[in-house]
Amino acid sequence: MDHILLADDDMELGEMLTQYLGAEGFAVDTAHDGETALTMARAGTYDLVILDVMMPRIGGFDVLRALRPRSLVPVLMLTARGEDVDSIVGLELGADDYLAKPCNPRVLVARIHAILRRAAGGCGPAGPEVLTLGDVELHTGTRCVRCHGQQVLLTSTEYSVFEALLRAAGRVVSKAQLSEQALGRVLTPYDRSLDMHVSSLRRKLGPLHGDERIKTVRGVGYQYVRP
Amino acid sequence: MHRLFWKIFISFWAALILFSATTMFAASHFVDRLRQRQEATPLRQRILQDTVRGQSIADRSGLPGLERWLRRLNRHELVPMLLVNRRGADLLGRPLPPAVLQRLARGNFPARRPRILLPGHSPYFLFPDFQGVTLARLIGRPHVIMLPLVLAAVVSGLVCLALARYLTAPIGRLRRATEAYASGQLSERVAPSLGGRKDEIADFARAFDQMAQHLQELMASQRQLLSDVSHELRSPLARLQVALGLARQRAEGRAAPEFDRIELEAERLNDLIGQLLSLARIEAGVAATQREPVDLSELLATVAADADFEARSRNRAVTVVRSVAAVIPGHATLLRSAIENIVRNALRHTAEGSAVTLSLEREAGRDGWLALSIRDHGPGVPEKFLPHLFEPFVRVDDARDRSSGGYGLGLAIAKRAIGVHGGTVTAANEPDGGLHVRIRLPATVPAAAQPPAVADPPGVRTHAPPALPP
């Protein structure tokens, strides 16, 4: 059973979501403020953390910021609808995905499943393989990425995006295709998730021969440059 | 208190005094020179010189030449030089002053007085006519006092220039600050840049800064209120949605249509709150400050593709018939929601089997403007509602609009979003039925990207089937 930490200051909502997610087969712990959420998340026993952006004292962003460098636990941010900036900030800080609140609980469950699937990372029909291209190495078995022999810490979503791009290296992958392959959902308008994941991938992997490793093809998608 | 008043008063006064003083100085200088000329020795020399010159001209070109020379002399000299013969007639027929007439009547011409001799004529004598120096004559010959006049004009001009500069420079600062406010930079302040100035303009600048401060605080609290309202309204809605989900789980498939209905209404409520908030946000000018290059043709193509996808299931279509490459500085989300709201409105009302057609063009004749038009093939809007179409919560036809999911806010948002970009939206009925919404946007188009041909965005059909098979 997947273990989820739900951090939301709305206690009644938390209670109902616990029941709802429980019926969907998840074990849910709740935290009602940022400090508690951070302590619980750091204990490191959760498969997924759902963080509300608006919490008293320590907000969701601060929790994520404090959590991120050391822990790669998948994080789903709940943002206020219509606040595009929130989603961008969340993804920049390394959230795996975001969902505008109020949301349909069915959509929430779908997102949770998508993130957990990525995190569990099935090896595919071919079994574990090692993809090597230039200075990068990707192990599908352990889901670890090395660049210049150094391990690069990627969130599970960043890893999925990277794998999809690397497998299609030299070709342009459309945003719609990438969204379905890596995020497990249909691309919707205003969705900046891919842009943010790609930009954190660029930051983490560094440039390739002094040039951008992943090129943006305006209006189409992204391309991992073949060295 | 009225420092500016005194500044203006005193400087104008000073400039006037300065100008009059210079003019008076010029006049006295001139009078001095005139007097010098009247003194016996220089006067005699002058007459002698002119007579010698006149004689040489008379020798060369006779009486006509002498007349021409005399006229020229009359034009250039302030003191008229009369050329009189013994019978008392001036060569140019000018009236003689009484002093000269008296001397002529007495007939006492010294034998030494220089004369101009012409064959066949009696001798002519030159008389300077000092009484003939009138103001009219002086005004007619400004060159004689030109230098002091120019000096006076330049000096007073410089004084007035400095004064005008001093008065208008802070007004220019205020104007720039106002423009900065208009573009959303509310942190602009004027008073510090005026230094230690203490007058009405400085007071004005301080009052202006206070207003800006007040506005800035108001905007901040408005923004806070928006986010509070957003949070407070949405929390119950979020709980409602989860409760609904729980109820669904427990009902195990029973009452599904009712649950669907509740879910739909909750979603509508959510959308409505979202729309209200975005309307309030646009009106508060929150969005005006963030600008980035927006590819309008790409935006149009994606909106059309999305809407077309939904329209297909209802046997309608959305097509882009014309498009040009156009990148404008703007707020992508706002522009998108503006176009999307208008397109969705058109799609709601277009007849079954028909298409909503979109086109983006550069405006003919008026450079730098883009025309985006959205046309449906529906019943149109009664003429009397047209002017109110873009007001919040205006419904043309209550029953139908509600059933088709309109909130009466989409077009209001669109109009304001376009307004933020300096554009306008108008709507008109087409003679053959259907509403035609026209958006005009100021464009800054890169010079390289101006193909006159129709752009062909991927995934969007550029031909226009006016109707689909039923």
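Chains W and H, in that order, are what the protein sequence lines are. Read the first sequence against this note's numbering and you will find it ends at 1562, with the numbers running on by one and no gaps. Read the second sequence against this note's numbering and you will find it ends at 471, with the numbers running on by one and no gaps. Even glycine gets a Cβ: it sits at the ideal position worked out from N, Cα and C.
For this session: Grab me the residues of Y1381 of chain W's own chain with a C-beta within less than 8 Å of its C-beta, minus the 5 sequence neighbours each way, in chain order.
Result: Within the same chain, H1338, I1339, L1340, D1364, M1375, V1408 come within 8 Å of Y1381 of chain W by CB-CB distance, once the 5 residues on both sides are set aside.
Exercise. Roughly how many whole angstroms lie between the Cα atoms of F31 of chain H and R87 of chain H?
Worked result: C-alpha separation (whole angstroms): 33 Å.
Exercise. Roughly how many angstroms lie between the CA atoms of I1385 of chain W and A1342 of chain W, to the nearest whole one?
Worked result: Near 6 Å, if we compare the C-alpha coordinates of A1342 of chain W and I1385 of chain W.
Problem set entry | Chain-ordered chain H contacts of R1441 of chain W [CB-CB under 8 Å] | G246
Exercise. Looking at the unbroken alpha helix (DSSP H) that takes in D1295 of chain W, where does it start and where does it end?
Worked result: Residue numbering for chain W in the displayed model covers 1336 to 1562; residue 1295 of chain W lies beyond these limits and cannot be assessed.
For this session: Tell me where the alpha helix (DSSP H) around I419 of chain H begins and ends.
Result: 411 to 421
Problem set entry | Beta-ladder partner(s) of N1439 of chain W, from DSSP | Among the bridge pairs identified by DSSP, N1439 of chain W is matched with none.
Exercise. Thinking C-beta only, is A429 of chain H closer than 8 Å to H437 of chain H?
Worked result: In this structure, H437 of chain H places its C-beta atom within 8 Å of the C-beta atom of A429 of chain H.
Problem set entry | Within the stretch 352 to 396 of chain H, ranges of the beta strand (DSSP E) (whole runs, at least 3 residues) | 356 to 363, 370 to 376
Exercise. Closer than 8 Å, CB to CB, is N271 of chain H near chain W or not?
Worked result: Interface flag for N271 of chain H against chain W is set, since a Cβ pair is found closer than 8 Å.
Exercise. Looking at chain H, which residues of the stretch 1420 to 1447 of chain W have a Cβ within less than 8 Å of any of its Cβ atoms?
Worked result: K1436, P1437, C1438, N1439, P1440, R1441
Problem set entry | Segment limits, beta strand (DSSP E) that includes D1337 of chain W | 1337 to 1342
Problem set entry | Limits of the beta strand (DSSP E) - the one that P443 of chain H falls within | 436 to 443
Exercise. DSSP on Q1516 of chain W, reduced to helix/strand/coil?
Worked result: helix
Exercise. If you measure from the beta carbon of Y1557 of chain W to each beta carbon in chain H, is any gap under 8 Å?
Worked result: Under the 8 Å criterion on CB atoms, Y1557 of chain W is classed as non-interfacial with respect to chain H.
For this session: Would you kindly report the start and end of the unbroken alpha helix (DSSP H) that includes V191 of chain H?
Result: Taken as a continuous stretch (DSSP letters only), V191 of chain H belongs to no alpha helix (DSSP H), as it is neither H nor E.
Exercise. Sorted by chain position, which residues of the same chain lie with C-beta nearer than 7 Å to L187 of chain H's C-beta, five sequence neighbours on each side aside?
Worked result: A213, L216, Q217, M220
Problem set entry | Contacts that E1515 of chain W makes with chain H (C-beta to C-beta distance below 7 Å) | Those do not exist, as E1515 of chain W stays about 15 Å from chain H at its closest Cβ, beyond 7 Å.
For this session: Please compile the residues from chain H whose C-beta is within a distance smaller than 9 Å of the C-beta of E1370 of chain W.
Result: Going along chain H, no residue has its Cβ under 9 Å from E1370 of chain W, so there is no contact; the nearest lies around 20 Å.
For this session: With a threshold of 16 other CB atoms inside 10 Å of the CB of G1395 of chain W, please say whether the residue is buried or exposed.
Result: buried
Exercise. Is there a Cβ from chain W that is less than 8 Å from the Cβ of Q225 of chain H?
Worked result: no
Exercise. Expressed to the nearest angstrom, what Euclidean distance is found between the alpha-carbon atoms of F13 of chain H and S157 of chain H?
Worked result: Looking at the two C-alpha atoms, the distance is approximately 10 Å.
Exercise. By a C-beta neighbour count over all protein chains shown, 10 Å radius and 16 as the cutoff for buried, is E135 of chain H buried or exposed?
Worked result: It is Thr, not Glu, that sits at residue 135 of chain H in the sequence shown. When all chains shown are included, T135 of chain H counts as exposed.
Problem set entry | Spatial distance of L1 of chain H from D210 of chain H (CA atoms) | The requested residue 1 of chain H is not part of the displayed model; chain H covers only 2 to 471.
Problem set entry | Whole-angstrom C-beta distance between P1391 of chain W and D1368 of chain W, which should lie under 8 Å | 6 Å
For this session: Would you give the residue range spanned by the beta strand (DSSP E) that K199 of chain H belongs to?
Result: Per DSSP, K199 of chain H belongs to no beta strand (DSSP E) and is neither H nor E.
For this session: Report the rounded CA-to-CA distance for Q56 of chain H versus L67 of chain H, giving the unit in angstroms.
Result: 8 Å
For this session: Below 9 Å between beta carbons is the criterion; list the residues of the stretch 245 to 265 of chain H that meet it against any residue of chain W, in chain order.
Result: L245, G246, L247, R249, Q250, R251, E264
Exercise. Based on Cα-Cα distance, which residue from W:L1489, W:V1560, W:L1443 lies nearest to F1361 of chain W?
Worked result: W:L1443
For this session: For R240 of chain H, go through chain W and note every residue whose CB falls closer than 9 Å to its CB, in chain order.
Result: D1345, E1347, L1348, M1351, P1437
Problem set entry | Sequence-distant residues of the same chain with beta carbon closer than 6 Å to H1448 of chain W, five excluded per side | If we look at H1448 of chain W and ignore the five residues flanking it on each side, it has no Cβ neighbours.
Exercise. So, is the C-beta of G1554 of chain W closer than 8 Å to a C-beta in chain H?
Worked result: yes
For this session: Consult DSSP for N86 of chain H and reduce its assignment to one of helix, strand or coil.
Result: DSSP places N86 of chain H in strand when its eight states are reduced to three.
For this session: For S123 of chain H, I'd like the list of residues in its chain whose CB is within less than 6 Å of its CB, leaving aside the five on either flank, ordered along the chain.
Result: By the criterion of a C-beta distance shorter than 6 Å, S123 of chain H is surrounded in its chain by N86, R87, once the five residues flanking it on both sides are discounted.
Exercise. With a cut-off of 8 Å, does the C-beta of A1358 of chain W fall near any C-beta of chain H?
Worked result: yes
Exercise. Listing by chain order, which chain H residues have their CB less than 8 Å from the CB of Y1355 of chain W?
Worked result: V243, G246, L247, Q250
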